[in-house]
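Peer 1: Got a structure for you, written out below as structure tokens; questions coming shortly.
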Amino acid sequence: MRFLFLVLLALHGVQAAFIRRLACDLADVPPSPINPVFEPLSLSGGLDESDVLFLKLSGDYPGPDGCEQLNGAVAKVLVDVKVLGRSVGHQIESNGSCPTLSPIGHLRSDPRTYTKYESFYALDSAYRLHTLATTIRLQLNNGSDVACVAAKITPDIGPLASNILKLLPLAIMLISGIIAAGIKVYHSRGSSMFRYEIANSVNDPAEAFFPGMGSCLQYIQFVFMTGCLTLSYPGFFKPIVSQLAWSSLYYANGPIGHEFTYPGTSNGIYTINGTYGLEEMAQTLGATTVGDLWINSTINLAVMLVGIAAVIQLATLVKWVKNILPFWKTPGGLDLRAEFLTRIQHTGWSVLRTVLQYYLLPIVTFSLYQPLMATFFPVYRTLLAVMLVALLAVTLGLVVRYLSMQNRQDIFFTDSSLSKRTTRSWLSDALHGLPLIQGIALGGLQISGVGQIIVLAACEISLIMVLALHHRGDTSLWKLVVFPAVRLTTIFMSCAFLPATGLSEGIKGYLGYSILFLHAATLVLGFLATAIVDLTRSMLGKADSAARPDSTPVCLPYLSLHRANANDAKVFGFDQLSRRSKRRTTFGELPALPPGGMSKSNHGMHLKMLTRARSI
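Going by my numbering, the sequence shown opens with residue -12, and the numbers climb by one from there.
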């Protein structure tokens, strides 16, 4: 008891954090009608390290009978805290006080002009990843309820959970990309009777270096961006998905902050008081204001593009250094001009892929959120944001058209389920613009949560229908539609968070955990487990080839090149044949190869011819 007394004494001197006031749930309202003689004006509180929740309610008795006449100082403060519909903990102490200064004739900024109530509630646990559905009722001595206030209080998830939620998806994405890249390189080292065609396909500058990373990044972005919808999510939902902000170029400490950031957490709880979903996400992250969101994300993207270009050019520099060192020189020499041109092409396509495939959704979302705040900023900022979206749309259309004419969509959009198709159609090409439509819904429709859900659901349904149309009769169709099906399921489940549904916090909590579980299962089973299975199959195929040299090794279906014995007959499937480049030259125009393969002395000349053939 002595320790508890010291804790309560210390809490009296703590500056409480802001808590948004809500209307009480019908299930928590007493059967007798409330006589609203007390007007709540502000609610604040906090959660200390001993799991004691303290609340401060301030307001007025605006009627003819003031606080003194109604004995408001001794009114009962009844607090109930529920987690998933179950009461947790117990109330310790509560007290009240009437204003010491009359509200008439004094500034209302003085806290002494308000009636104040304080209450302390001991929780059973910290409930780090939960929402504390709190109900506060004020009851006079005559037994009449004069006020009822509800609040969704979310405790700070803590540094441990925050680091796990950040690093685990990042690790899954990196592992998936590294495994896919390693398997691709391994299966590209085999010889082939079509040496020119194979070399032209492998060195296609539009091909991704890490083919398994983009789809995982896009799914993580979907999890984060749907957390920015203007919906009444359970309190724990946004703090959890906010840890994935790194996937969408959204960082708490942006390059531009105007010396202001949201508090994020204060006194152990999240301080949120926003109108739109993106605004609430910024407050949850403790980031700069949403007015700086578009500028910061654009700067972050530009810095990333410069870094990608520098890394690719660094590879050329390393090869150049190796070529001039006598002990490290490449046998037969190295055509630096051809290598430099190849790296320039790789740089250009990598920049296009980063913008148009990996980060198109967040950039469009943040850009189209600017018009909603046009009245607060100069006109040129809104104009620049809209022009950026228009430029991205035109560039995406030109790139898709260019690749479609050369039948190279499979090379550039290697992570997209649309690239694995059996027919060419303008409809499937148009669906590469789905991130644009999704970005319009996420950013431009922040004022309407219903509109956001309708557009997002329509995008996923369209994708599933096109995949089913182009892959009808294919037994592997389920592998292509599983990700859009999961996304569509979570979108439909999010309809429960519309304000018009009126569901209790307990039901919303269960639905929120279900959505998070689906996302976690998709990341683990759909990406990490799949990458491990592919790696295992590749290793087993290598071991089988070593044990039986005359056998054909196991190869993964999405790889275009198969490592096989030189004496075996080469059999190419539709996936391999579709990835051939459209060569505008004939084999007769190329220098003849010796029967044993290309000589190292002529390596530079052949590389020049191949580069010329690709450029044509």
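Where is the CB? At the ideal position from N, CA and C, for every residue including glycine. These figures come from a predicted structure and were not determined experimentally.
Does the region 248 to 266 come into contact with the region 292 to 301, if we say contact requires no fewer than three beta-carbon pairs (one atom in each stretch) closer than 8 Å?
Peer 2: Not touching, per the Cβ criterion.
Peer 1: Pull up the distance between the alpha-carbon of Leu347 and that of Arg73, whole angstroms please.
Peer 2: C-alpha separation (whole angstroms): 42 Å.
Peer 1: Could you tell me the distance, in whole angstroms, from the CA atom of Glu492 to the CA atom of Val386?
Peer 2: For Glu492 and Val386, the distance between alpha carbons rounds to 47 Å.
Peer 1: Could you tell me which residues DSSP puts in a beta bridge with Glu80?
Peer 2: Paired residues: Phe107.
Peer 1: Going by C-alpha to C-alpha distance, which of Glu447, Pro18, Glu326 and Leu355 sits closest to Ile299?
Peer 2: Of the listed residues, the one whose Cα sits closest to Ile299 is Glu326.
Peer 1: Label Met200 either buried or exposed according to how many other C-beta atoms from any shown protein chain fall within 10 Å of its C-beta, with 16 as the threshold for buried.
Peer 2: Per the 10 Å Cβ criterion, buried.
Peer 1: Across which residues does DSSP place Asp47 in a beta bridge pair?
Peer 2: BP columns for Asp47 point to Glu26.
Peer 1: Check whether the region 97 to 113 and the region 148 to 163 are in contact - that is, three or more C-beta pairs closer than 8 Å.
Peer 2: No, because fewer than three Cβ pairs between the region 97 to 113 and the region 148 to 163 fall closer than 8 Å, the two stretches do not touch.
Peer 1: Give me whichever residues DSSP pairs with Thr382 in a beta bridge.
Peer 2: For Thr382, which the question treats as bridged, DSSP gives no partner whatsoever.
Peer 1: Just to confirm, are Arg474 and Phe209 a CB contact at a threshold of 8 Å?
Peer 2: Cβ distance < 8 Å, so Arg474 and Phe209 count as in contact.
Peer 1: Skipping 5 residues on each side, what residues in its chain have a beta carbon closer than 8 Å to that of Leu383?
Peer 2: Hits under 8 Å: Leu343, Leu347, His419, Gly420 and Leu423.
Peer 1: Could you tell me which of Thr87, Ala109, Leu456 and Tyr108 sits nearest to Thr100, measuring between CA atoms?
Peer 2: It is Thr87.
Peer 1: Taking the alpha carbon of Gln78 as the reference point, which residue from Leu71, Cys85, Ser84 and Asp67 has its own alpha carbon closest?
Peer 2: The shortest Cα separation from Gln78 among Leu71, Cys85, Ser84 and Asp67 belongs to Asp67.
Peer 1: Please look up how many angstroms separate the CB atoms of Gly430 and Val351, rounded, as I've assumed it's under 8 Å.
Peer 2: Right, the Cβ-Cβ distance comes to about 7 Å (below 8 Å), so this counts as a contact.
Peer 1: Taking 6 Å as the limit between beta carbons, can you name the residues of its chain near Thr410, skipping five residues before and five after?
Peer 2: With a pLDDT of 45 at Thr410, under the threshold of 50, the modelled position of this residue cannot be trusted, and the question is left open.
Peer 1: Restricting to Cα atoms, I'd like to know which of Gly76, Ser234, Ala113 and Pro20 is closest to Ala158.
Peer 2: Residue Ser234 is the option with its Cα nearest to Ala158.
Peer 1: Below 8 Å, can you find three or more Cβ-Cβ pairs linking the region 1 to 13 to the region 25 to 32?
Peer 2: Flag = yes, the region 1 to 13 and the region 25 to 32 touch.
Peer 1: Going straight from the alpha carbon of Gly499 to that of Phe224, what length do you get?
Peer 2: Taking the straight line from one Cα to the other gives about 7 Å.
Peer 1: Using beta-carbon positions only, say whether Ser284 and Pro349 come within less than 8 Å of one another.
Peer 2: Yes.
Peer 1: Assuming Leu40 and Leu119 form a contact by the criterion Cβ under 8 Å, report the distance between their Cβ atoms to the nearest whole angstrom.
Peer 2: Sure, about 7 Å apart at Cβ, within 8 Å.
Peer 1: Among Cys482, Pro90 and Ala274, which residue has its Cα nearest to the Cα of Cys54?
Peer 2: For the residues Cys482, Pro90 and Ala274, the minimum Cα distance to Cys54 belongs to Pro90.
Peer 1: Would you tell me roughly how many angstroms separate the C-alpha atoms of Met268 and Gly76, rounded to the nearest one?
Peer 2: Spanning the two alpha carbons is a distance of roughly 29 Å.
Peer 1: What do you reckon, are the CB atoms on Pro471 and Leu450 nearer than 8 Å?
Peer 2: Against a cut-off of 8 Å, the Cβ pair of Leu450 and Pro471 comes out as a contact.
Peer 1: With a CB to CB cut of under 6 Å and the five nearest residues on each side skipped, what residues in its chain are close to Thr258?
Peer 2: Hits under 6 Å: Ala4, Phe5 and Pro250.
Peer 1: Quick one, which of Leu154, Val133, Val290 and Ala113 has its alpha-carbon nearest Thr141's?
Peer 2: Nearest option by C-alpha distance: Ala113.
Peer 1: List the residues that DSSP assigns as beta-bridge partners of Phe41.
Peer 2: Per DSSP, Gly33 and Phe107.
Peer 1: According to the Cβ coordinates, are Gly241 and Val228 closer than 8 Å?
Peer 2: No, the Cβ-Cβ distance between Gly241 and Val228 is not below 8 Å.
Peer 1: How would you call Glu26, buried or exposed, if buried means at least 16 neighbouring beta carbons within 10 angstroms?
Peer 2: Classification of Glu26: exposed, given that the 10 Å Cβ count is below 16.
Peer 1: Can you name the start and end residues of the alpha helix (DSSP H) that Ile21 belongs to?
Peer 2: Ile21 -> no alpha helix (DSSP H), and no H or E assigned at all.
Peer 1: Following the continuous alpha helix (DSSP H) through Gln270, name the residue where it begins and the one where it ends.
Peer 2: Gln270 -> alpha helix (DSSP H) spans Gly264 to Leu272.
Peer 1: At what residues does the beta strand (DSSP E) containing Gln126 begin and finish?
Peer 2: Run containing Gln126: Leu119 to Gln126, per the beta strand (DSSP E) assignment.
Peer 1: Considering only the alpha carbon of each residue, which of Met452, Ile441, Val453 and Leu355 lies closest to Thr477?
Peer 2: Closest option to Thr477, Cα to Cα, is Ile441.
Peer 1: What number of angstroms, rounded off, separates the C-alpha of Leu216 from the C-alpha of Cys482?
Peer 2: If I take the Cα positions, the gap works out to 11 Å.
Peer 1: Would you call Phe479 buried or exposed, if buried means 16 or more other Cβ atoms sit within 10 Å of its Cβ?
Peer 2: Label assigned to Phe479: exposed.
Peer 1: Would you kindly report the start and end of the unbroken alpha helix (DSSP H) that includes Cys11?
Peer 2: Premise fails: Cys11 is in no alpha helix (DSSP H) and is neither H nor E.
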